[in-house]
Amino acid sequence: MIEIKDVTVSYKNHKVLDQLSLSAEKGEIIGLAAPNGTGKTTLFNVMANYVKPNQGSIVFNEEYTYKSEKDQLKIHKQLTTFPDQSDLFEELSGVDHIKLYKHMWKGQKKVKDITRELNMEGYVKNKVKTYSLGMRQRLCFAMMVAADSSIMLMDEVMNGLDISNVSLISQKLIEMKNEQKLIFVASHLLENLDLYADRVLFLKDGDIIHQHRPNQHEQTYLKIKATPETYHEIKQMIDLPEDHEYIAEHLLCLPFSNLPLNEQTYWMKQLLKFDEELSIGPLGTLEYYEKYYQI
Ligand SMILES: Nc1ncnc2c1ncn2[C@@H]1O[C@H](COP(=O)(O)OP(=O)(O)OP(=O)(O)O)[C@@H](O)[C@H]1O
């Protein structure tokens, strides 16, 4: 559905994206996880053609590119970007905004259903100038739902939402993915991404350095909480396997699922000696994040 080919973006001498390539299909939620200023928004801007890459191209449905205006129109009919709160019209109501997006993208969903499902009925007819941050954010999301486009780029969709609204929107994202939308979500709520993303991409030095698939755990790990002192102590006492990970100076992880049962038992016995919190499981987005960005 989208093919990003060797995209490079530089602002003066600062290369933000460096020959980045990616393909994505409908019915996928793709998370983007990276620290501030890494290039997530820039990547979305290139996908939406708000920023022209210095090099590379994007192909939609194996057919359309931004090289011709006719193609651009076709692409923009099926692509929406998450509205900026500052773009909302203070004197218009939430319903007005939702209708606007529904009409612009010829969305099929009923405004009433959208506002009911997003718990907005209590405020959506009031003017936007009376809304809190979280109410505005839910409105921005409702506008995307109303547009009903097949590709959605959601930058910081969970910003300013309380826990119950994060959960509501996460659920809605899954429903939209099941309707075969292709949804990109850039988010700093790392553990939340594990709940709905099919893939989480980690950006570094202008490229994707890892793709984590939260629902397809190729490897589980035996994990032990370990300060640098404990890690040092463990290393002195045990010959750790070469492929172990020591993440962000607090978590030691040993690849576990591929080991025969006797070796699994061995490693558990060894690590239990240290009386630190022990668990078995895959690495999640948060752990990969800590690993790649050393926080
Ligand atoms: N129009 C611009 N002109 C110059 N530099 C820019 C411009 N837009 C972005 N940048 C720079 O590009 C880099 C990537 O910015 P971008 O907004 O894509 O990061 P991000 O990963 O989305 O960050 P955040 O998590 O803060 O939203 C930053 O160093 C930023 O300063």
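Mapping of the sequence shown onto full-length UniProt numbering: residues 1 to 295, in sequence order. Note that CB positions come from ideal geometry on N, CA and C, so glycine has one too.
Outcome for residue i when other beta-carbon atoms lying within 10 angstroms are tallied against a minimum of 16
i: residue 236; result: exposed
i: residue 192; result: buried
i: residue 68; result: exposed
i: residue 223; result: buried
i: residue 138; result: buried
i: residue 78; result: buried
i: residue 260; result: exposed
i: residue 201; result: buried
i: residue 280; result: exposed
i: residue 37; result: exposed
Residue i, enclosing alpha helix (DSSP H) - first and last residue
i: residue 170; result: 163-178
i: residue 266; result: 261-272
i: residue 234; result: 228-237
i: residue 292; result: 285-293
i: residue 141; result: 133-147
i: residue 89; result: Where residue 89 is concerned, there is no enclosing alpha helix (DSSP H), given that its DSSP letter is neither H nor E.
i: residue 46; result: 40-47
Residue i beta carbon near ligand 1 (any heavy atom closer than 7 Å)
i: residue 56; result: no
i: residue 16; result: yes
i: residue 40; result: yes
i: residue 186; result: yes
i: residue 33; result: no
i: residue 292; result: no
i: residue 37; result: yes
i: residue 289; result: no
i: residue 50; result: no
i: residue 246; result: no
Rounded separation between residue i and residue j - CA only
i: residue 95; j: residue 194; result: 32 Å
i: residue 58; j: residue 270; result: 51 Å
i: residue 275; j: residue 88; result: 54 Å
i: residue 74; j: residue 208; result: 28 Å
i: residue 332; j: residue 119; result: Outside the modelled stretch of the chain, which goes from 1 to 295, sits residue 332, for which no answer is possible.
i: residue 46; j: residue 115; result: 31 Å
Segment limits, beta strand (DSSP E) that includes residue i
i: residue 122; result: Here residue 122 belongs to no beta strand (DSSP E), and DSSP marks it neither H nor E.
i: residue 199; result: 199-204
i: residue 80; result: 79-81
i: residue 184; result: 182-186
i: residue 8; result: 2-11
i: residue 154; result: 151-155
Cutoff 8 Å: residue i Cβ touching any chain C Cβ
i: residue 16; result: The structure shown contains no chain C; it holds only a single protein chain.
For the pair the stretch 151-159 and the stretch 103-116, tell me if three or more CB-CB distances fall below 8 Å.
no
Count Cβ pairs between the stretch 207-217 and the stretch 240-248 that sit closer than 8 Å; are there 3 or more?
no
Does the structure place the stretch 26-36 close enough to the stretch 170-187 that three or more beta carbon pairs sit under 8 Å?
yes
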